[in-house]
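According to the numbering used here, the sequence shown holds residues -18 to 382 in order.
Glycine included, each C-beta is placed from N, C-alpha and C at the ideal position.
Taking it in order: structure first as structure tokens, then the write-up.
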Amino acid sequence: MLPRHPMSEPPPKRAPGTVAVHGGEQRPHAADALTEPIAQTATYAFRDTAELVAHMEGRLERLEYGRYGNPTVSALERKVAELEGTQDAAAFTSGMAALVTATMALTRSGSHVVLFDDCYRRTRQLVTGFLERFGVSHTLLPPADVGALEGALRPETRLVIAEAPTNPYQRVLDLDELVRVCKPHRVKTLVDSTFATPVNLRPADHGVDLVVHSATKYLGGHNDVLGGIVAGGGSLVSLVRDLRHVFGAILDPHAAFLIARGTKTLALRVEQQNRSALAIARAFEAHPRVRRVWYPGLESHPDHATASRLMTGFGGVVTFDLVGDLASTGRFIDACRIPQIAPSLGGVESLIEQPALMSYFELTTEERAQVGITDTLVRLAVGIEDPQDLLADLRQALETG
Ligand SMILES: *Cc1c(COP(=O)(O)O)cnc(C)c1O
């Protein structure tokens, strides 16, 4: 028997701030350490042959080999499961490793997958490029268009992959509607909740089957480690974990320690990022050099009503379109002193990027316009710096850039 650790009974309901700190911790830790120790080991020793036989016969559940489980990794998995309100979770070396493993665990040759046009670029590549080679077909739906979902389902549809909020326009699809349409057809739902975090949105509370995170972003929160999570019901996560044993992309114990340590401050960080992002979005909406702002917390956002119903905070990413051109937008970014140019988001450092030069570099201006990416578009991933300092910096960059 391989080690399993779904929570046998639901823990008492605690607020995210408390769960972030204490969730998943099994007291006392080894050596009475206050914090979860790092079990930096590749394998586990059996006391004697009798113990080995008892384990192999399934009479004794214990750890066996590093690719199948690790106590530091399990502690992180329990913490995220409690934050998401799911029975179990499995941790991976990256968000993409989590997505690939979960998607392949739920599909087979002949299956059909539905996903949305504005999903993460590599998720799209996974389904439209890679899974296609294994006989898995797909349908792409317009951003947040749950209305088109019913018509896209086929008898062989196994999985719908969604994200909320999406990049870069922060679309928030109606998760209740997503689940309402999928459930009767027994189609599984997977939501990449990286941008939302369990502080702002808990997809499983709305009936979503699997919740995926790039833990590289908000969970880790410090731009210093890669990781991924799949959270959900015990039997589904168990399926995913069985494939993780084969693919081998289990999170490293040291990375698990860093992510769990980062997660302890998740609620504090995200609440601060929510506040800063909303303040910046409001200020930019009123600024003459800004053509348009996309932030689900603004009344002007197309999904403001849905986001207000589903989310307790609107997240730390603000997208805006500036007056000017590709070059002047680059000058604005270069004039920023606090946010740095880098892909990624969700960490303590503010990061800024021009999607035209990052994710959509290979496309011409015309091709970008077709997918809705203008040369003057900017994505700001707000960190935890002082909001007044951030706003002052962005304002001076708008004036001088
Ligand atoms: C970053 C990201 C991923 C991929 O995660 P990695 O940890 O980089 O593999 C997947 N989905 C979303 C929404 C992301 O932002």
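- Query: For L140, which three-state DSSP category applies?
  - Reply: Residue numbering aside, residue 140 sits at position 159 when the sequence shown is read from its first letter. Judged by DSSP in its simplified three-state form, L140 adopts strand.
- Message: Need the endpoints of the beta strand (DSSP E) that E334 sits in, please.
- Response: Within the sequence shown, numbered from 1, the residue matching residue 334 stands at position 353. Segment L332 to E334, the beta strand (DSSP E) holding E334.
- Message: Could you tell me the alpha carbon to alpha carbon distance between P(-3) and N255, rounded to whole angstroms?
- Response: What you label residue -3 is simply residue 16 of the sequence shown in a count that begins at 1. What you label residue 255 is simply residue 274 of the sequence shown in a count that begins at 1. One C-alpha to the other measures close to 15 Å.
- State yes or no: is the C-beta of M77 nearer than 7 Å to some heavy atom of ligand 1? Taking the sequence shown and counting its residues from 1, one reaches residue 77 at position 96. Distances between the C-beta of M77 and the heavy atoms of ligand 1 include at least one below 7 Å.
- Query: Taking the runs of the beta strand (DSSP E) that are 3 residues or longer, which of them lie wholly in the stretch 254 to 301?
  - Reply: Listed in chain order, the complete beta strand (DSSP E) runs (minimum 3 residues) inside the stretch 254 to 301 are 271 to 275.
- Query: DSSP on V118, reduced to helix/strand/coil?
  - Reply: Your numbering for residue 118 matches position 137 in the sequence shown. The question names Val, but residue 118 in the sequence shown is Ser. Looking at S118 - three-state DSSP - the assignment turns out to be strand.
- Message: ligand 1 and L207: does the residue's C-beta get closer than 7 Å to at least one heavy atom of that ligand?
- Response: By 1-based counting over the sequence shown, the position of residue 207 is 226. Yes, the beta carbon of L207 sits closer than 7 Å to at least one heavy atom of ligand 1.
- Query: Within 7 Å: the Cβ of P123 and any heavy atom of ligand 2?
  - Reply: Ligand 2 is not part of the structure shown, which contains ligand 1 as its ligands.
- Query: Going by C-alpha distance, which of L57, A86 and I19 is nearest V0?
  - Reply: In the sequence shown, counting from the first residue as 1, residue 0 sits at position 19. Nearest to V0 by C-alpha distance, out of L57, A86 and I19, is L57.
- Do L371 and I319 have their CB atoms nearer than 8 Å? One-based indexing of the sequence shown puts residue 371 at position 390. One-based indexing of the sequence shown puts residue 319 at position 338. Yes. Within cutoff.
- Task: Would you mind giving the Cβ-Cβ distance between V162 and V189, rounded to the nearest angstrom? I have them listed as a contact below 8 Å.
- Result: Sequence index remark: in the sequence shown, residue 162 carries index 181 (1-based). Sequence index remark: in the sequence shown, residue 189 carries index 208 (1-based). For a cut-off of 8 Å, the C-beta gap from V162 to V189 is around 12 Å, too long to register as a contact.
- Message: Closer than 7 Å to a non-hydrogen atom of ligand 1 - does that hold for the CB of L80?
- Response: As a working mapping, residue 80 is identified with position 99 in the sequence shown. Because some heavy atom of ligand 1 lies under 7 Å away, the Cβ of L80 counts as near it: yes.
- For G208 versus E252, is the C-beta spacing smaller than 8 Å? By one-based count along the sequence shown, residue 208 stands at place 227. By one-based count along the sequence shown, residue 252 stands at place 271. No, the Cβ-Cβ distance between G208 and E252 is not below 8 Å.
- In three-state DSSP terms, what is L33? Position 52 of the sequence shown, counting from 1, holds the residue named residue 33. Here L33 sits in helix by DSSP.
- Through-space distance from L44 to H36, alpha-carbon basis: Along the sequence shown, read from residue 1 onward, the residue named residue 36 stands at position 55. Along the sequence shown, read from residue 1 onward, the residue named residue 44 stands at position 63. Straight-line Cα distance between these residues: approximately 9 Å.
- Cβ of G111 within 7 Å of any heavy atom in ligand 1? Against the sequence shown, residue 111 aligns to sequence position 130. It is worth fixing the name first, because residue 111 is Phe in this sequence and not Gly. When distances are taken from the beta-carbon of F111 to the heavy atoms of ligand 1, even the shortest one reaches 7 Å or more.
- Query: If you draw a straight line from the alpha carbon of V168 to that of L217, how long is it in whole angstroms?
  - Reply: Locating residue 168 in the sequence shown gives position 187, counting from the first residue. Locating residue 217 in the sequence shown gives position 236, counting from the first residue. Cα to Cα, the separation comes out at about 13 Å.
- Message: Here's the rule: buried if 16 or more other CB atoms are within 10 angstroms of the residue's CB, otherwise exposed. What is H235?
- Response: Counted from its first residue, the sequence shown places residue 235 at position 254. H235 counts as exposed, since fewer than 16 other beta carbons sit within 10 angstroms of its beta carbon.
- Message: Just to confirm the assignment: which complete beta strand (DSSP E) runs, minimum length 3, are found wholly within the stretch 45 to 76?
- Response: Counting only runs of 3 or more, we get 69 to 73.
- Item | Reference L130; option with closest CA among F111, P165, R105 and E113 | On the sequence shown, residue 130 is found 149 positions in, with the first residue counted as 1. Selected option, being the one with the closest Cα: P165.
- Bridge partners of A1, per DSSP? What you label residue 1 is simply residue 20 of the sequence shown in a count that begins at 1. A1 is bridged by DSSP to nothing; it lacks a bridge partner.
- Cβ-based neighbour list, D302, same chain, cut-off 6 Å, excluding 5 preceding and 5 following: Counting from 1 along the sequence shown, the entry for residue 302 is found at position 321. Close CB contacts of D302 within its chain, under the 6 Å cut and outside five residues either way in sequence, are with R272, R273, T355, T357 and L358 (chain order).
- Query: Based on the DSSP secondary-structure assignment, which residues constitute the bridge partners of I231?
  - Reply: Working through the sequence shown from its first residue, we reach residue 231 at position 250. In the DSSP output, where bridge partners are listed per residue, I231 has F73.
- Cα separation between T53 and F238? Translated into the one-based positions of the sequence shown, residue 53 becomes position 72. Translated into the one-based positions of the sequence shown, residue 238 becomes position 257. About 6 Å.
- Can you tell which of Q151, S195, V352 and L112 has its C-alpha closest to the C-alpha of M292? The residue given as residue 292 occupies position 311 in the sequence shown. For the options Q151, S195, V352 and L112, the alpha carbon positioned closest to that of M292 is the one of Q151.
- Other residues of its chain near L307: CB distance less than 6 Å, five sequence neighbours each side excluded: Mapped onto the sequence shown, residue 307 falls at position 326. Shown here for L307: same chain residues with a beta carbon closer than 6 Å to its own, the five before and five after excluded, namely D356 in chain order.
- Three or more beta-carbon pairs under 8 Å between the stretch 174 to 188 and the stretch 219 to 235, yes or no? Taking 8 Å as the limit for Cβ pairs, the verdict is that the stretch 219 to 235 does not touch the stretch 174 to 188.
- Query: In three-state DSSP terms, what is K169?
  - Reply: Looking up residue 169 in the sequence shown gives position 188. Judged by DSSP in its simplified three-state form, K169 adopts strand.
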